[in-house]
Amino acid sequence: MKPPIALLTDFGTKDVFTGVMKGVITGLAPGFPIVDLSHEVPPQNVLVGALWLHGAVHFFPPGTVFLCVVDPGVGSGRQILAAQVGDWLMVAPDNGLTSLVMERHGLKDCVSVQEPAYRLPSTSATFHGRDIMAPAAAHLAMGLPLHSLGPSLAQPVKLHYPAPLLRNGQIRGQVLYVDHFGNAVTNISGAMLPPGAELRLGALVIKVSGTYSDVPVGAPLALVGSTGRLEISVNRGNAASELGLGEASRVLVTSPMAQHPDTSEGE
Amino acid sequence: MKPPIALLTDFGTKDVFTGVMKGVITGLAPGFPIVDLSHEVPPQNVLVGALWLHGAVHFFPPGTVFLCVVDPGVGSGRQILAAQVGDWLMVAPDNGLTSLVMERHGLKDCVSVQEPAYRLPSTSATFHGRDIMAPAAAHLAMGLPLHSLGPSLAQPVKLHYPAPLLRNGQIRGQVLYVDHFGNAVTNISGAMLPPGAELRLGALVIKVSGTYSDVPVGAPLALVGSTGRLEISVNRGNAASELGLGEASRVLVTSPMAQHPDTSEGE
Amino acid sequence: MKPPIALLTDFGTKDVFTGVMKGVITGLAPGFPIVDLSHEVPPQNVLVGALWLHGAVHFFPPGTVFLCVVDPGVGSGRQILAAQVGDWLMVAPDNGLTSLVMERHGLKDCVSVQEPAYRLPSTSATFHGRDIMAPAAAHLAMGLPLHSLGPSLAQPVKLHYPAPLLRNGQIRGQVLYVDHFGNAVTNISGAMLPPGAELRLGALVIKVSGTYSDVPVGAPLALVGSTGRLEISVNRGNAASELGLGEASRVLVTSPMAQHPDTSEGE
Numbered sequence: 003m004k005p006p007i008a009l010l011t012d013f014g015t016k017d018v019f020t021g022v023m024k025g026v027i028t029g030l031a032p033g034f035p036i037v038d039l040s041h042e043v044p045p046q047n048v049l050v051g052a053l054w055l056h057g058a059v060h061f062f063p064p065g066t067v068f069l070c071v072v073d074p075g076v077g078s079g080r081q082i083l084a085a086q087v088g089d090w091l092m093v094a095p096d097n098g099l100t101s102l103v104m105e106r107h108g109l110k111d112c113v114s115v116q117e118p119a120y121r122l123p124s125t126s127a128t129f130h131g132r133d134i135m136a137p138a139a140a141h142l143a144m145g146l147p148l149h150s151l152g153p154s155l156a157q158p159v160k161l162h163y164p165a166p167l168l169r170n171g172q173i174r175g176q177v178l179y180v181d182h183f184g185n186a187v188t189n190i191s192g193a194m195l196p197p198g199a200e201l202r203l204g205a206l207v208i209k210v211s212g213t214y215s216d217v218p219v220g221a222p223l224a225l226v227g228s229t230g231r232l233e234i235s236v237n238r239g240n241a242a243s244e245l246g247l248g249e250a251s252r253v254l255v256t257s258p259m260a261q262h263p264d265t266s267e268g269e
Numbered sequence: 003m004k005p006p007i008a009l010l011t012d013f014g015t016k017d018v019f020t021g022v023m024k025g026v027i028t029g030l031a032p033g034f035p036i037v038d039l040s041h042e043v044p045p046q047n048v049l050v051g052a053l054w055l056h057g058a059v060h061f062f063p064p065g066t067v068f069l070c071v072v073d074p075g076v077g078s079g080r081q082i083l084a085a086q087v088g089d090w091l092m093v094a095p096d097n098g099l100t101s102l103v104m105e106r107h108g109l110k111d112c113v114s115v116q117e118p119a120y121r122l123p124s125t126s127a128t129f130h131g132r133d134i135m136a137p138a139a140a141h142l143a144m145g146l147p148l149h150s151l152g153p154s155l156a157q158p159v160k161l162h163y164p165a166p167l168l169r170n171g172q173i174r175g176q177v178l179y180v181d182h183f184g185n186a187v188t189n190i191s192g193a194m195l196p197p198g199a200e201l202r203l204g205a206l207v208i209k210v211s212g213t214y215s216d217v218p219v220g221a222p223l224a225l226v227g228s229t230g231r232l233e234i235s236v237n238r239g240n241a242a243s244e245l246g247l248g249e250a251s252r253v254l255v256t257s258p259m260a261q262h263p264d265t266s267e268g269e
Numbered sequence: 003m004k005p006p007i008a009l010l011t012d013f014g015t016k017d018v019f020t021g022v023m024k025g026v027i028t029g030l031a032p033g034f035p036i037v038d039l040s041h042e043v044p045p046q047n048v049l050v051g052a053l054w055l056h057g058a059v060h061f062f063p064p065g066t067v068f069l070c071v072v073d074p075g076v077g078s079g080r081q082i083l084a085a086q087v088g089d090w091l092m093v094a095p096d097n098g099l100t101s102l103v104m105e106r107h108g109l110k111d112c113v114s115v116q117e118p119a120y121r122l123p124s125t126s127a128t129f130h131g132r133d134i135m136a137p138a139a140a141h142l143a144m145g146l147p148l149h150s151l152g153p154s155l156a157q158p159v160k161l162h163y164p165a166p167l168l169r170n171g172q173i174r175g176q177v178l179y180v181d182h183f184g185n186a187v188t189n190i191s192g193a194m195l196p197p198g199a200e201l202r203l204g205a206l207v208i209k210v211s212g213t214y215s216d217v218p219v220g221a222p223l224a225l226v227g228s229t230g231r232l233e234i235s236v237n238r239g240n241a242a243s244e245l246g247l248g249e250a251s252r253v254l255v256t257s258p259m260a261q262h263p264d265t266s267e268g269e
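Chains as they are written, first to last, in my numbering: chain R, 3 to 269; chain F, 3 to 269; chain A, 3 to 269.
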């Protein structure tokens, strides 16, 4: 069975960048299904790319090869890695893009992609996705052993993840990104939420709900979304534009059952 | 032969929603081609989704499985349906999204998707496309009988379609949506048009033409487009922006050969 | 082995135009991989389509069928061509869209697509991509000889390419298009550049560099991009918006080693 090759990039779909990478893949790994995970990672935003990958890989079958290209350091000294992570294979620049997935699913093996035999004959200075990473992913899909691509890479780069702060029963978090529907996805995981959790955006207090239809059409709500993170939504509306939320907007989660030093300190 | 699985959603391509659904499908139905019909249905706009599906299914081979997710009611009591419609299979929320296709091609069989064995092991409150509908579509493609998914659904929800009004030889219609080129697609079918039909937008009178090049570059025209509906275009231009047309804009079709009470009643 | 069918259009991905073409292809050529090269050619911009195709085809395996639809003349007298170009097959309107590729890789054979047996049974006036070109491409992929589609077409239309002007060691060029990252791609090829070349945008002088990281974050640079053309970029920024560049913006390349009549003639 031919496993899929899944692509995650910040190339957009406007240009032929992605199409050309697929041309390279279809030539080297004919008949393998190519699946677009997304090409709309905000340009050069490694954190959002890492988060999207983290929320996606476990929905793919074992053996899937993930080709991930968000590569602001192309042409600098950054390395390219190929790795086995959980049951999957990954090819990406070594800039933290795959680090959240490695933490979650376990890094089994990792190499620095250096072997010229598995590149395109001519390599550009600006498009290693096409010239180095797509060929490496195609060869891995075809069964090339990981270590044929280059020497071991012991310590792939770790991403700085903006973790939420917990203090006195409150959680201070932030918006990580806004999705297509205008839902603002935060860095607060569902598992962190205290019973009766309320989300505070300035003066606005929103109870954490189970589903969109818990509130009237047009009303804001907070719920644990399909990625397991707390999201701020408006039922049938666009929370980001209606509530003025964007990447890095701060959010506060409180619970009526916890202490509230901010409000009990009076005077 | 493995029939395609065709996807129609309002997910956009910005996030990984669509990619994750494809991951689920490639795991459960390996080797079946996945075809993107569109992921740019305006968010939660069931009518536009239904119209696009209506204009598309008959171009796909028999046996194609359509996975359609425009689902403003996710998490409410709405059901999910799986149906045989004409020669095709469909999985969609039961909110009218497939109702125009059912009217046109005939509903052969329909069930309510309820069987837990054909879902992902863990089901979210907000992403039934990934957790319930994609697995159902993949299992159907693999040959699972429709009735294994759940009990019969006798009366799937019908969509309210904004039909044009015919009176005194005039047709009062509206714009249904604007396409990528700025063409404004109306609810008036080509078959309704009287001989010598003229389209009136306020004071502007446009003859119904056969093709774009019937008028000079930059001039407006009306023609029966590739979906069989009357469309308002500008030759090599953008009719929606140049003529101020959008969803629900009203249009009037008259014919010099019919009575014109509006203009003959005067004094 | 089934070669890919690669699509290049100006349809966007908003509507179902592209999806419907894929439906037609999957019906006539089941199991052939369909690869999206791009659907975001600026509407009706044949030159940009031709440039993107020119930069892409040689990354695809021999036998790939390119279905290219940028077709402002649909419904006029323009012909549709099918051609063997280098090791690839192409179907496109005869408007110059494939002419740059033909110049580069050699036109082996070309016909005018006219045979009704290889169209959809009913043909619209506005969507020949779906009704004529997609079926032709699918039949070619399935092995139909080129000449079954119609009579020879001896002189396909050539595109006017805006070539740069060379004079006194200076190159006067222009921006051809702006890519997803805001890089402004010019009509000046890397092979034309004199040693020590500098790019001038009004008063701004930019040295031609090897890679993005040759300059600080936020600084402009010029480099020979992955398509072999001189591109104007901003390291981790958006050159088009930051420098005010767009399609047809003029650029000047000079070299300190060449004469500079413009600056040496004064007073």
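Virtual Cβ for every residue (Gly too), placed ideally from N, Cα, C.
inquiry  = For A:E244, tell me which candidate among A:S251, A:V236 and A:L30 has the shortest Cα-Cα distance.
reply    = For A:E244, the nearest C-alpha among the options comes from A:V236.
request  = Would you list, in chain order, the members of the stretch 42 to 60 of chain R that have their beta-carbon closer than 9 Å to a beta-carbon of chain A?
outcome  = So the close ones are P45 and Q46.
inquiry  = Which residues in chain R have a C-beta closer than 9 Å to the C-beta of F:F183? List them in chain order.
reply    = Those do not exist, as F:F183 stays about 16 Å from chain R at its closest Cβ, beyond 9 Å.
ask   = Looking at the C-beta of A:M194, does it have a partner C-beta in chain R at a distance below 8 Å?
value = Closer than 8 Å: no.
With 16 other Cβ atoms within 10 Å as the buried cut-off, status of R:R252 = By the neighbour-count rule (16 or more Cβ atoms within 10 Å), R:R252 is not buried but exposed.
Contact under 8 Å by Cβ, A:L155 with A:V48 = In this structure, A:V48 does not lie closer than 8 Å to A:L155 by Cβ.
ask   = A:M144 CB to nearest chain R CB: under 8 Å?
value = For A:M144, the answer is no, since every Cβ of chain R falls outside 8 Å of its Cβ.
request  = Would you mind telling me which residues of chain R sit closer than 9 Å to A:Y214, beta carbon to beta carbon, in chain order?
outcome  = Within 9 Å Cβ-Cβ: P74, G75, V76, G77, S78, A127 and T128.
Buried or exposed (CB count within 10 angstroms, at least 16 for buried), A:M3 = Exposed: under 16 other Cβ atoms inside 10 Å.
inquiry  = Could you compute how far the alpha carbon of F:G192 sits from the alpha carbon of F:A241?
reply    = Here the C-alpha atom of F:G192 lies approximately 19 Å from the C-alpha atom of F:A241.
key: Any C-beta of chain A under 8 Å from that of F:E267   = At F:E267, the pLDDT of 36 sits below 50, so the modelled position is not reliable and the matter cannot be decided from this model.
ask   = Between the C-alpha atoms of R:V103 and R:V50, what's the straight-line distance to the nearest angstrom?
value = A straight line joining the alpha-carbon of R:V103 with that of R:V50 spans about 13 Å.
request  = Leaving aside the five residues before and after R:P263 along the sequence, list all residues of the same chain whose C-beta is less than 7 Å from its C-beta, in chain order.
outcome  = Confidence at R:P263 is low in this model, with a pLDDT of 48, below 50, so its placement is unreliable and the value that follows should be read with caution. Apart from the 5 residues on each side of it in sequence, R:P263 sits with its Cβ closer than 7 Å to the Cβ of N170 in its chain, given in chain order.
request  = Evaluate contact between the stretch 115 to 126 of chain F and the stretch 54 to 64 of chain F, counting only Cβ atoms and requiring at least three cross-stretch pairs below 8 Å.
outcome  = Judged by Cβ distances under 8 Å, the stretch 115 to 126 of chain F makes no contact with the stretch 54 to 64 of chain F, as fewer than three pairs qualify.
task = Could you confirm whether any beta carbon from chain F is found closer than 8 Å to the beta carbon of R:P263?
result = In this prediction, R:P263 scores a pLDDT of 48, lower than 50, which makes its location untrustworthy; no coordinate-derived value is stated.
ask   = What are the boundary residues of the alpha helix (DSSP H) that F:I208 is part of?
value = Careful: F:I208 lies outside any alpha helix (DSSP H), inside the beta strand (DSSP E) at L206 to S211.
inquiry  = I want to see whether chain F comes within less than 8 Å of R:R238, judged by CB atoms only; does it?
reply    = In terms of beta-carbon proximity, R:R238 lines the interface with chain F, with at least one pair separated by less than 8 Å.
request  = Return the chain-ordered ranges of every alpha helix (DSSP H) run that is complete within the stretch 96 to 181 of chain A and spans a minimum of 4 residues.
outcome  = Entirely contained in the stretch 96 to 181 of chain A, the alpha helix (DSSP H) runs reaching 4 residues are, in chain order, 101 to 107 and 136 to 143.
ask   = Does any residue of chain R bring its CB to less than 8 Å from the CB of F:G132?
value = Note on residue identity: the sequence assigns Arg, not Gly, to residue 132 of chain F. At a cut-off of 8 Å between beta carbons, F:R132 contacts chain R.
request  = Decide yes or no for the touch test of the stretch 65 to 75 of chain A against the stretch 9 to 28 of chain A: beta carbon pairs closer than 8 Å, at least 3 of them.
outcome  = Contact holds between the stretch 65 to 75 of chain A and the stretch 9 to 28 of chain A, because three or more Cβ pairs, one in each stretch, are under 8 Å apart.
query = Under 8 Å Cβ-Cβ, which residues of chain F neighbour A:F13?
reply = Residues of chain F whose Cβ lies closer than 8 Å to the Cβ of A:F13 are, in chain order, H182.
inquiry  = By alpha-carbon positions, which one of F:D111, F:A165, F:S78 and F:L223 ends up nearest to F:M92?
reply    = It is F:D111.
query = Considering only C-alpha positions, which residue in the set A:A140, A:S40, A:I82 and A:L195 is nearest to A:G98?
reply = Of A:A140, A:S40, A:I82 and A:L195, the residue nearest in Cα terms is A:I82.
query = CA-CA distance, F:D181 and A:L109?
reply = Those two C-alpha atoms are separated by around 35 Å.
query = So, does the CB of F:T229 fall closer than 8 Å to a CB anywhere in chain R?
reply = Closer than 8 Å: no.
ask   = Between R:A1 and R:V177, is the Cβ-Cβ spacing less than 8 Å?
value = A question about residue 1 of chain R goes unanswered here, because the residues of chain R that appear run from 3 up to 269.
request  = Return the Cβ separation of R:R106 and R:P95 in integer angstroms, given the expectation that the two are a contact with Cβ distance under 8 Å.
outcome  = Between R:R106 and R:P95, the beta carbon gap of about 19 Å keeps them out of contact (Cβ cut-off 8 Å).
request  = Confirm, please, whether the CB-CB distance from A:L223 to A:T188 is below 8 Å.
outcome  = 8 Å or more divides the Cβ of A:T188 from the Cβ of A:L223.
ask   = How would you list, in chain order, the residues of chain F whose beta-carbon sits under 9 Å from the beta-carbon of A:T28?
value = Correct list: P5, P6, A8, P35, V37, F62, P63 and T66.
inquiry  = Using beta carbons (cut-off 8 Å, strictly below), is R:D17 in contact with chain A?
reply    = So yes, R:D17 belongs to the interface.
Simplified DSSP state of F:D38, which is helix, strand or coil = F:D38 sits in a strand when the DSSP states are folded into three classes.
key: Short Cβ contact (8 Å threshold) for R:V67 with R:A143   = Between R:V67 and R:A143, the C-beta gap is smaller than 8 Å, which places the two residues in contact.
request  = Could you tell me which of A:L10, A:V217, A:I7 and A:P147 sits nearest to R:G77, measuring between CA atoms?
outcome  = Here the closest residue by C-alpha is A:V217.
ask   = Can you name, in chain order, every residue of its own chain whose Cβ lies under 6 Å from the Cβ of R:T229, other than the five neighbours on each side?
value = Closer than 6 Å at Cβ, skipping near neighbours: G57.
query = Between the stretch 81 to 110 of chain F and chain A, which residues of the former have a C-beta closer than 7 Å to a C-beta of the latter?
reply = Those residues of the stretch 81 to 110 of chain F that come within reach of chain A (Cβ to Cβ, closer than 7 Å) do not exist; the list is empty.
task = Pull up the CB-CB distance for F:L55 and F:L10, whole angstroms please, since I reckon it's below 8 Å.
result = Indeed, because the Cβ distance is near 6 Å, the residues count as touching under 8 Å.
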